[in-house]
Structures are given as C-alpha cells and as structure tokens.
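Single-structure report; data block below.
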Amino acid sequence: MPFNNIMKTVLIASSFKANYGGNFIAQISFLADNLEKVNCEVLFLFPEKAKEKKWCILFAKNRNVFFIKDDLSGFNRLKFAYKFVKKNNVSIAHTHFGLLALQFALLCLLSKRFKHIIHAHSEAPLPANFYRRLLQYLKHGILLKKSFVIAVNQNIQRQYISYGFKTSRLQTIHNGIDFNRLLCLNKNIDFRKDLQISSDAKLFLMMGYNIYIKGIDVAIDAFLHLKNESKSFDNYALCIVIASNFEMVKHEIMDKYQGIPSWLYLLKPTETVSDYYRMVDCFISASRTEGFPYSIAEAIFMKLPVIMSNIDGTKWATQFPSVISFESTNAFDLKNKIENIFSTISSEMETTSSASIENILGITVWADNVINFYYKYNLIKL
440 MPFNNIMKTV LIASSFKANY GGNFIAQISF LADNLEKVNC EVLFLFPEKA KEKKWCILFA
500 KNRNVFFIKD DLSGFNRLKF AYKFVKKNNV SIAHTHFGLL ALQFALLCLL SKRFKHIIHA
560 HSEAPLPANF YRRLLQYLKH GILLKKSFVI AVNQNIQRQY ISYGFKTSRL QTIHNGIDFN
620 RLLCLNKNID FRKDLQISSD AKLFLMMGYN IYIKGIDVAI DAFLHLKNES KSFDNYALCI
680 VIASNFEMVK HEIMDKYQGI PSWLYLLKPT ETVSDYYRMV DCFISASRTE GFPYSIAEAI
740 FMKLPVIMSN IDGTKWATQF PSVISFESTN AFDLKNKIEN IFSTISSEME TTSSASIENI
800 LGITVWADNV INFYYKYNLI KL
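Heads up: take any position in the sequence shown, counting from 1, add 439, and you land on the numbering used here.
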C-alpha cells in the first residue's frame, strides 16, 4: 500500500492487564505491524500492573512500550497524557478500555493537530439517575466532540448517537480474531483426565469473570433444571473458565448455591485456549450484555455448536448455522436448548466452515478495516 513520506506517531493505549495476552494483544500487535507498513511509528501504553505479566515482558522486547502508574489522580493523569503526547510527538491516540480516554479527548478538543480514537468495547446503557444521564450527554456531546469512535457492535454505536455523539465520526467494526492461536495445542494436558471426567460425559464450556454480566447464574440454573428433570442428563457437565476474579466468582457461586455442584468445574485461563475448546462438546454464552465476545467466534471456528443469549452484542453470530439462541436470562429456555442441542444439529450445521468465519472476522480483515477507518477520516494519508 502506498504512503506519503510524513511519518505519524500512533499511540495505542489500553488498560489491559490480564494474566494472558490472548486475542486482544494479538490484535493490536497485528495492527501495529500494518500501521508500520504505511509509515507510522507505533507506541503502546499499559497500566504499570501489566509490566510484570509474561505476555508484556515478551511484547516489550520488540515494541515501544510505556507504562502509567495505576494510582495517578485525575489531574495528574491529564498532566501525564499532555507530557506524553508532547514528548513523543504523538499524532493519534487510539484508546481501548478507557485508559486516558477522557484526558486524550480533552487534549484533542484543544488541539488542531492531535487526534483521538476511542475503541468502544462495552455497552453503556443510559443511567437512570438524571445527573448521571446529564454527564453522559455532556461527555459524548461536548468532551468527545472532536474524537472519533470505533464501536465493536451496532448497539454501542446507537448508544453513542443517542448520547449526542456525531454519526459522522463513528463506525462499527467487529473485532478480529487471531485464529492461528487456536491451532496451538498443549499435548501434555488432558483436561478430562486431570478433572476425572469420563470420556462419555457431555461437556459444555462457557467463559466468565462476573456471575451477573456473563450470566453464570443463568447457566447454572439451567443445569439445575436439567438435572432435576431427568437422570438421563447425569453425564452432562458445565465447565466455566474464569478469566479474572477467580476466587471472588467461586465464592459467589458457593454462597448462591450452597457449594459447588459435582457437575460444575471452575477452570483458570490458559494461553492455549484451544485445549478447552477441544475437550468439550458445546459452547454456551449466557451473557446479559456483551461488546464483542471473542469466545463465540473462537467456538464457531472450532466447529462447536453454540448456544447464546439473544442480546445485541451477539447478533452477528446468528448468520452461522452452528449457532442457536435462547431468551436472555431465561434459564428454562436455556435448559431446553441444552436438552435438544445435539438432536438439533443438522448436517447443515456440521458443515460450518472455519474458513468462512475467518474471512469475516479474521485478524487481517479487522486490521484492514481499522486502517481504512484511519484513511476515511484523514488520520493518516496515502
């Protein structure tokens, strides 16, 4: 791709500090590679807590990585943002998960040269409180007036517009998946054997870090209804990978259900996430709200049947024949879908192509879409 000879410095700032880099780090790393091809220098900014993570140590070996102290106050964060932009001659700040988003928005508002992009990953329903609603309107209609927004789903885009954000500075781009990560397999791990799960058990997998947001309670309730209905489902088990807050989620489940049911397995995340997909028979997403769930796309790629709640953040997945929906928060409806999922799978569903989802949601497609967004709004020029 041709480019002009004026180099732009792009800062990708993110509050990401998980134990594993996962798909998100793969995404922004791939984007950086492609931005460099069009004459951009790319810098990264993470919270200081990310510094000790293995993925960050490896990432920093080949990238220009900086850190911000977690305990900086609002004004000091603004001062940090201003000095960072000035010292490193940053042209564009592309923020994820809120790191310095408001501070960069203010700098953008006051500058003719500096540009700011918010990558909106999460839905933000209008607060019930009048004053909080007013703050949302002021934030989106005034503070973010000169910023640009990439929303990961259509509902997030609609929310920004409803708060007064200009449609002309906003676009929906679904996240991209690094499907190559799913080709990695740890041959030394046999989760069924380690967990003493029989080979004939039907395993259902879900991801969660919050019992309410991720609908963990809905899934457990559905399994309780299933188990109470018939002994023919005694060999059905639910595995939940808890990405963060493991002990908190575990204790919340124990408090709500008076312990951990024998058919429920709480698992910690692993870098080779494909090991989990390979050991199960079906994937469940029972979330009450989602931005763009990587896990659904990954499960489709791994040719698993998927049962998901019918929320805005997952509508994109209904185009794939291996996906069925249940009424969000309705544990009885989810129970019925679990009960019938394997008889529901038709030959058409089984022919779901890994290549087809890669052509739609692959990391290459995503990076091209983001860079085209940069071109569309003259953030970088040919």
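Every residue gets a Cβ at the ideal spot worked out from N, C-alpha and C, and that includes glycine.
CB contact flag (A567, Q542, <8 Å): Taking a C-beta distance under 8 Å as the contact criterion, A567 and Q542 do not qualify as a contact pair.
Local Cβ density within 10 Å of N443, reported as buried at 16 or more and exposed below that: Only weak support is given to the placement of N443: the predicted model assigns it a pLDDT of 49, under 50, and the question is left unresolved by the model.
Contact check, I735 vs K707, beta carbons under 8 Å: No, Cβ-Cβ distance for I735 and K707 is not below 8 Å.
Residue of I796, D694, K689, E710 minimising C-alpha distance to A738: Out of I796, D694, K689, E710, I796 has the C-alpha closest to the C-alpha of A738.
Segments of 3+ residues assigned as beta strand (DSSP E) that fall wholly inside the segment 506-575: Listed in chain order, they are 531-535, 554-559.
Cross-strand partners of I451 (DSSP beta bridge): Note: I451 sits in a beta bridge opposite F483, H533.
Beta-carbon proximity list for S683, same chain, < 7 Å, skipping 5 on both sides: Closer than 7 Å at the Cβ level, and outside the excluded window around S683, lie A457, Y648.
Residue range of the unbroken beta strand (DSSP E) whose run includes T611: T611 -> beta strand (DSSP E) spans 609-611.
Simplified DSSP state of F765, which is helix, strand or coil: Strand, per DSSP.
Alpha helix (DSSP H) runs contained entirely in the segment 732-761, provided each spans 4 or more residues: Counting whole runs of 4 or more residues, the segment 732-761 contains the alpha helix (DSSP H) stretches 733-740.
Three-state secondary structure (DSSP) of E491: Here E491 sits in helix by DSSP.
Environment of Q596 [buried if 16+ CB atoms lie within 10 Å]: Under this definition Q596 is a buried residue.
Same chain, Cβ closer than 8 Å to Y704, five either side skipped, listed in chain order: Cβ-Cβ distances below 8 Å link Y704 to L634, I636, A676, L677, C678, I679 in the same chain, with the five nearest sequence neighbours on each side left out; the list follows chain order.
Beta-ladder partner(s) of F643, from DSSP: Bridge pairing for F643: L677, C721 [DSSP].
Minimum C-alpha distance to L497 - residue among K508, I464, H690: For L497, the nearest C-alpha among the options comes from I464.
Sufficient close CB pairs (3 or more, under 8 Å) joining the segment 528-542 to the segment 481-497: The count of Cβ pairs closer than 8 Å, one atom from the segment 528-542 and one from the segment 481-497, reaches three, so the stretches are in contact.
Stretch pair the segment 600-611 + the segment 568-587: three plus CB contacts closer than 8 Å: Touching, per the Cβ criterion.
Where V657 falls: helix, strand or coil (DSSP): Here V657 sits in helix by DSSP.
Selection from A559, T783, G752, R620 that minimises the alpha carbon distance to S713: S713 has its Cα closest to that of R620, out of A559, T783, G752, R620.
8 Å Cβ cutoff met for L565 and R572: Yes, the Cβ-Cβ distance between L565 and R572 is below 8 Å.
Sequence-distant residues of the same chain with beta carbon closer than 7 Å to M440, five excluded per side: Because M440 sits at a pLDDT of 41, beneath the cut-off of 50, its placement in the model cannot be relied upon, and the following sentence gives the value as read from the coordinates. Within the same chain, M440 has close Cβ partners K476, V477.
Range covered by the alpha helix (DSSP H) that runs through Y704: Secondary structure note for Y704: it is in no alpha helix (DSSP H), and the uninterrupted beta strand (DSSP E) holding it is 703-706.
Coarse secondary structure for M440, derived from DSSP in three states: Only weak support is given to the placement of M440: the predicted model assigns it a pLDDT of 41, under 50, and the value that follows is read from those uncertain coordinates. In the structure shown, M440 sits in coil (DSSP, three-state: anything other than H, G, I, E or B).
Rounded straight-line distance, which links the Cα of K670 to that of Y814: Using only the alpha carbons, I get a separation of about 59 Å.
DSSP bridge partner residues for A590 (one or two, in chain order): Note: A590 sits in a beta bridge opposite A559, T611.
Environment of Q466 [buried if 16+ CB atoms lie within 10 Å]: Its Cβ being crowded by 16 or more others within 10 Å, Q466 is buried.
The ligand SAM heavy atom lying under 7 Å from the CB of C721: What this structure holds is no ligand at all, so the ligand SAM is not there to describe.
Element boundaries [alpha helix (DSSP H), containing R631]: Residues 630-633.
Backbone CA spacing between K754 and A770 [nearest angstrom]: Distance between the alpha carbons of K754 and A770: 19 Å.
L622 to Y715 span [Cα, whole Å]: Per the coordinates, the alpha-carbon of L622 lies some 12 Å from the alpha-carbon of Y715.
Short Cβ contact (8 Å threshold) for S764 with P744: With contacts defined as CB atoms closer than 8 Å, S764 and P744 fail to qualify as a contacting pair.
Selected residue, minimal CA-CA separation from K695, among I659, I802, L665: Nearest C-alpha to K695: I659.
Residues near K490 by beta carbon distance below 7 Å, same chain, minus five either side: F506, listed in sequence order.
Close beta carbons around A559, own chain, < 6 Å, minus the five adjacent residues each side: Only V588, A590, I595 meet the Cβ criterion.
As assigned by DSSP and simplified to three states, the class of N684: N684: coil per DSSP, three-state reduction.
Nearest-angstrom Cα separation, counted from M446 out to G615: C-alpha separation (whole angstroms): 26 Å.
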